[in-house]
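Worksheet: the structure to be examined is printed underneath.
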Amino acid sequence: MTPTGPRNAPGVVDVVALGESMVTFLPSRPGRLADVPSFERGIGGAESNVACVLAAAGHSARWVSAVGADGFGDHLVEEIGSYGVDVASVRRDPGRPTGIYFRTAGDRAGDAHEVAYYRAGSAASAMSADTVDLAAVRAGRVLHLSGITAALSGDCLDLLWQLTEPETGRPLVSFDINHRPGLWPDTDGPRVLLDLARRADIVFVGADEAHEAWGLRGPSAVRAALPEPGLVVVKLGPGGAVAFDKDTAGAEDADGTATLVRAPRVDVVAAVGAGDAFAAGFLSATLRGLPVRDRLRHGHLMAAAALTAPGDLATPPAREHADRLAALDDTAWGRLRLGPGWTEDPQRAVEEVRSP
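Structure (structure tokens):
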């Protein structure tokens, strides 16, 4: 499934990403939040992360959201804009603050990990069809959304229902499940996410979150629960990812052709931002009309760039570098190992492939 909308029409960009971004405070050292003496400021937001990676990879990208008329809102707009993302459609709300959050260092997994959100009543939680520039949202070849936005408020959920309404001429809708149980005030979250995903064209979901949210085990069970989207991508962590593609399926395979691509070995620096980077890599290759196997490989490569750098955002590999790695034969791809600095040193990755 490839976007079919106009490439060069006035105001049309490759990707529009709609969702909340927050100022992130990252601890200066490991430990409990109660014990950390200082924090460094960053940015965090699933949808804006995707927009930033795509812009850094050479695509035109727009972020649509709302922030407070405060210094944190200034920082978000300026920082995301510095990646080359169009931020002209971000609304400044004088009556609501910009969301912020604090987290402990290291991996997000584990009982010791803490996150303290201050996003209730944020400017982004008040987004609605009446406050968002719908023309700017729909002026993309791809519209990227996530389940996080659906959980922010009733108005945000209504906005996603409207944007995913099946209608002629809508952008290709990409939907990342991003199940966050803590954001849902009741038990309706999994059902809502499933219903929204069934209205999308491309769906990204982790096998672990599909099990947590819906009790499903394995990629085939996920596809059976999501028969409508043209492409369903199930992420398996280090095991890779499976894409079910209706466009390449025969009549005997109603679920779509299943393509499994293993992830390369990665020397992980920080396990944050990889899911957003994977979606960006997959969408980048989709915009370029590449085959599904290469879309998955580009997703893995973008994820590896995030995993081998600190923070949520990392410099992606140059397009020709990523294309060369994505074109490797299966044996060479299986021997690929990526560590810190690989995106800036093409020979480093090639040497890993050639080594026994």
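Residues in the sequence shown are numbered consecutively from 0, following numbering that gives the first Met the number 0.
We treat Cβ as the ideally placed atom computed from N, Cα and C, and that holds for glycine.
- Each of Ala240, Gly214 and Ala257 was checked against the Cα of aspartate 246, and the nearest Cα belongs to Ala257.
- In this structure, isoleucine 42 lies near valine 22, with their beta-carbon atoms less than 8 Å apart.
- The Cβ atoms of arginine 179 and alanine 150 lie closer than 8 Å to each other.
- Residue range 146–151 is occupied by the alpha helix (DSSP H) that includes threonine 148.
- When Glu113, Leu259 and Ser145 are compared, the shortest CA-CA separation from arginine 198 is found for Ser145.
- Per DSSP, reduced to three states, the secondary structure at isoleucine 79 is helical.
- A straight line joining the alpha-carbon of aspartate 132 with that of serine 88 spans about 7 Å.
- Annotated as distal: leucine 259 and glycine 280, with beta-carbon spacing of 8 Å or more.
- Assignment of serine 27 by DSSP, reduced to helix, strand and coil, places it in the coil class.
- Assigned with DSSP and collapsed to three states, threonine 285 falls in helix.
- Shortest Cα-Cα distance from alanine 317 to any of Gly205, Ala54 and Leu25 involves Ala54.
- Listed in chain order, the alpha helix (DSSP H) elements of length 4 or more contained wholly in the stretch 34–75 are 45–55.
- Contact between the stretch 202–209 and the stretch 218–228 is present, with at least three C-beta pairs closer than 8 Å.
- Gly94 is the residue among Ala56, Gly94 and Ala115 whose C-alpha sits nearest the C-alpha of glycine 72.
- For aspartate 194, the enclosing alpha helix (DSSP H) has its first and last residue at 188–196.
- Here aspartate 275 is actually not in contact with valine 76; their C-beta atoms are around 19 Å apart, not less than 8 Å.
- Annotation: alanine 303 to leucine 337 spans about 7 Å, alpha carbon to alpha carbon.
- In chain order, Ala212 and Trp213 place their CB closer than 6 Å to the CB of proline 189, counting only its own chain and leaving out the 5 sequence neighbours on each side.
- Here alanine 115 is bridged, per DSSP, to Phe101.
- Within the same chain, and ignoring the five residues on either side of glycine 83 in sequence, the residues whose Cβ sits closer than 6 Å to its Cβ are Ala54.
- Of the candidates His320, Pro309, Leu327 and Val11, Pro309 places its Cα closest to the Cα of glutamate 39.
- In this structure, proline 315 lies away from alanine 125, with their beta-carbon atoms at least 8 Å apart.
- In the structure shown, methionine 21 falls within a strand segment according to DSSP collapsed to helix, strand and coil.
- Note on geometry: alpha-carbon atoms of arginine 294 and alanine 325 lie some 9 Å from one another.
- Selection Val271, Gly255, Pro96 and Ala284 evaluated against glycine 236 yields Val271 as nearest (Cα-Cα).
- The beta carbons of proline 170 and arginine 137 sit closer together than 8 Å.
- When the Cα atoms are used, glycine 30 and glutamate 319 turn out to be separated by approximately 41 Å.
- The criterion of a C-beta distance shorter than 8 Å is not satisfied by threonine 148 and alanine 122.
- In the DSSP secondary-structure assignment, isoleucine 201 is bridged to Ser173 and Leu230.
- In the three-state DSSP reduction, threonine 330 falls in the helix class (H, G or I).
- Taking the Cα positions, alanine 313 is about 15 Å away from glycine 80.
- Exclusion of the five residues before and after leucine 158 leaves Met126, Ser127, Ala128 and Val131 as the residues of its chain whose Cβ lies within less than 7 Å of its Cβ.
- Beta-bridge analysis with DSSP links glycine 139 to Val12.
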